[in-house]
Amino acid sequence: VQGALWGGRFAGGPADALAALSKSTHFDWRLAGYDIAGSRAHARVLHKAGLLDDAELAGMLGALDALDADVRSGAYLPAESDEDVHGSLERGLIERAGAQLGGKLRAGRSRNDQIATLGRMYLRDHARIVAAGVLATVDSLVEQAEKHLGVAMPGRTHLQHAQPVLLSHHLLAHAWALLRDVQRLADWDKRAAVSPYGSGALAGSSLGLDPNAVAADLGFDSAAWNSIDGTASRDVYAEYAWVAAMIGVDLSRISEEIILWATKEFSFVTLDDAFSTGSSIMPQKKNPDVAELARGKAGRLIGDLTGLLATLKGLPLAYNRDLQEDKEPVFDATDTLELLLPAVSGMIATLVFNTERMESLAPQGFALATDIAEWLVRQGVPFREAHELSGAAVKLAESRGVELWDLTDEDYAGISAHLTPEVRSVLSTEGSLDSRSAQGGTARSAVEAQLAELKKQLAAA
Ligand code: ARG
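Counting from 23, one number per residue, gives the positions in the sequence shown under full-length UniProt numbering.
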C-alpha cells in the first residue's frame, strides 16, 4: 500500500473494512507535534550510535522542522490512506527528506514504544492545564470564603439541618477536595515521567541507542526499566482518567449544592446572568445549566475511566492492538475538564449569597441540640444522659412548634435541674460556632487558621 509502514510480506493491501477499522488519524493526529519531537530525539540517538552521519542528522532535523511547520500551519494533514499519526508523519518526512534518508528514521523504534511515549507527553502537558483550571476553581472558592468570613449557614448531614457552620467553612471543604486533586496530578506526574521510548516493539533495541538520552530530550526523568512494561502498561493513563473522574465528581458535588441553593425553596444563592440560562418557553426561568452540565459530565468522566479499565482488563503482555482504544478516553477526559473548569470557576466566583437568609436559618431545626448536650457534658453530666436531656428539650419545643431558644428557664428546669439558665449561652448560632475552635472546627478563629494553611498548600501546589 502506498505509504504504509508494513506490507513486505503481504500479497495485497488490506480490505477497505479493515483499513477503516484500523484507522486512528482522526483522534491521534493531536499527537503529531509530540511525534515529531520524538523523531528529533530519535534522530539524535541514531546519530550518537553512528547510524546517521552529521550531514544526515542535519538533513533529518531540517526535514522534521519543515514537516513540523507544515503540520502547525495545517498545510500537512493526514491522507485518507494513512493508518495513524506515525505512518502519516513518516510519509511526510519522506516527502521532505527523500526515501533514502527519511527511511532511516524508523530504525530501532516501533509504533508501540512511540505511542506509549507520546500519550504520556500529551497527558503531562494537559495535566498542567487541568491543574491550573482546578486551582482557579479553588481560588474562586477561597475568594468567596474570605468575602463571607463570619457568615453562618445551616450545616447539614443527610441533607437535614445538623449544626450551624460558617459558609466559609463549607466552601473551603470543597476547596480542600479540589486541592488534593491538584496534588494528585503532581504526584501522578512522577510516574508519568518515565519514557517508554527505546522499548521498541517489546524487547528493546539491538542498535546501541540510548533510551535515557531520548527520555531527557523529551523532558522525562528517566527511561523505562522494562521494555515490556514500557509498551504494554497503561496504568499511567488509567490513573490520569481516575484523577479526571475524581475532579469531575468533586465538581459535581459542588454543582449539586449550587443547584439546590439556587431553588426558590433554598434561596441561598443567585447565579450571575452570565452563568445561567433561560428557557425557550418559560420566560421567567433562570437555570443553573453550568452546574447541571458539570454534574452530567461527571458521568461521562467516570465512563472514560471505566471504559479504559475494561479495555485493559484481560490483555496479555505485551502490546495488543486493543491498546489503540486507550487514547480516546483520556483525550475526552482532558477535553471535558478543560471545557468545564473555566465555566465552573466563573460560576462560583460570581455567585451572590443570600447571607441574611442563610444566617437566619442556621440555628433552626433544633440545630443547637448538640450544643446543649455538650454544655451539659462540660457541667459534668455523662454524655449519654446529656443526649437524653437535650432530646427531651427538642421534643418539648417540637410539640409546641417553637425553637429551643423559645423554651423558658422553667421549661428547662422542668426537664432537669442540670439545665440552669446558663444553658442559654450556647443557644445562639454565635455561641455554637465559637465553641468549635479546635483545628478543623467551624469557629471563625479555626476557619482563619484553616485559610492560612490552605493558602500555604496552594502556594506549594
Ligand atoms: N496506532 C496504534 C495505537 O494507537 C499504534 C500502532 C501499533 N500498531 C501495531 N500494529 N503494532 O496503539
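Cβ atoms here follow ideal geometry from the backbone N, Cα and C, with glycine treated the same way.
Kindly examine the ligand ARG and report whether one of its heavy atoms sits closer than 7 Å to the Cβ of residue i.
| i | result |
| --- | --- |
| residue 341 | yes |
| residue 137 | yes |
| residue 46 | yes |
| residue 480 | no |
| residue 345 | yes |
| residue 57 | no |
| residue 257 | no |
| residue 50 | yes |
| residue 251 | no |
| residue 104 | no |
| residue 349 | yes |
Which residues in the same chain as residue i place their Cβ atom closer than 8 Å to its Cβ, once the five residues preceding and following it in sequence are excluded?
| i | result |
| --- | --- |
| residue 365 | 297, 312, 315 and 316 |
| residue 58 | 86, 89, 90, 93 and 111 |
| residue 381 | 173, 174, 175 and 451 |
| residue 194 | 163, 164, 167, 469, 472, 473 and 476 |
| residue 367 | 155, 158, 159, 161 and 162 |
Quick check on the DSSP output: the beta strand (DSSP E) that includes residue i runs from which residue to which?
| i | result |
| --- | --- |
| residue 462 | It is not in any beta strand (DSSP E) - residue 462 carries neither H nor E in the DSSP assignment. |
| residue 188 | 182-188 |
| residue 94 | Run containing residue 94: none in the beta strand (DSSP E); it sits in the alpha helix (DSSP H), 76-95. |
| residue 507 | There is no way to answer for residue 507, as the model of the chain reaches only from 23 to 483. |
| residue 304 | Here residue 304 belongs to no beta strand (DSSP E), and DSSP marks it neither H nor E. |
Can you tell me whether residue i is buried or exposed, with buried defined as 16 or more other CB within 10 angstroms of its CB?
| i | result |
| --- | --- |
| residue 398 | buried |
| residue 64 | buried |
| residue 351 | buried |
| residue 226 | buried |
| residue 330 | buried |
| residue 307 | exposed |
| residue 415 | buried |
| residue 349 | buried |
| residue 207 | buried |
| residue 186 | buried |
| residue 134 | buried |
| residue 426 | buried |
| residue 72 | exposed |
| residue 124 | buried |
| residue 101 | exposed |
| residue 283 | buried |
| residue 319 | buried |
| residue 16 | Shown here, the chain extends from 23 to 483; a query on residue 16 therefore has no answer. |
| residue 136 | buried |
| residue 304 | exposed |
| residue 285 | exposed |
| residue 99 | exposed |
| residue 420 | exposed |
Could you give the DSSP three-state label for residue i: helix, strand or coil?
| i | result |
| --- | --- |
| residue 35 | coil |
| residue 178 | strand |
| residue 216 | strand |
| residue 227 | coil |
| residue 71 | coil |
| residue 374 | strand |
| residue 474 | helix |
| residue 365 | helix |
| residue 44 | helix |
| residue 244 | strand |
| residue 442 | coil |
Is residue i a contact residue of the ligand GDP, with contact defined as CB to any heavy atom under 7 Å?
| i | result |
| --- | --- |
| residue 133 | Among the ligands in the structure shown, the ligand GDP does not appear; only the ligand ARG can be found there. |
At which residues does the alpha helix (DSSP H) containing residue i begin and terminate?
| i | result |
| --- | --- |
| residue 451 | 451-456 |
| residue 120 | 107-124 |
| residue 286 | Taken as a continuous stretch (DSSP letters only), residue 286 belongs to no alpha helix (DSSP H), as it is neither H nor E. |
| residue 422 | 405-422 |
| residue 234 | 233-239 |
| residue 434 | 431-437 |
| residue 336 | Per DSSP, residue 336 belongs to no alpha helix (DSSP H) and is neither H nor E. |
| residue 399 | 391-400 |
| residue 252 | 249-254 |
What residues in its chain sit with their C-beta under 6 Å from that of residue i, if we drop five residues either side in the sequence?
| i | result |
| --- | --- |
| residue 16 | An answer regarding residue 16 cannot be provided, because it is not within the stretch 23 to 483 covered by the chain. |
| residue 355 | 263, 266, 323 and 326 |
| residue 333 | 344 and 347 |
| residue 277 | 313, 316 and 317 |
Between which residues of its own chain and residue i is the CB-CB distance below 7 Å, once the five residues before and five after are set aside?
| i | result |
| --- | --- |
| residue 459 | 465, 467 and 468 |
| residue 199 | 272 |
| residue 156 | 200, 203, 204, 269 and 363 |
| residue 408 | 395, 398 and 399 |
Counting only C-beta atoms, is residue i closer than 8 Å to chain C at any point?
| i | result |
| --- | --- |
| residue 298 | In the structure shown, chain C cannot be found, because there is only a single protein chain. |
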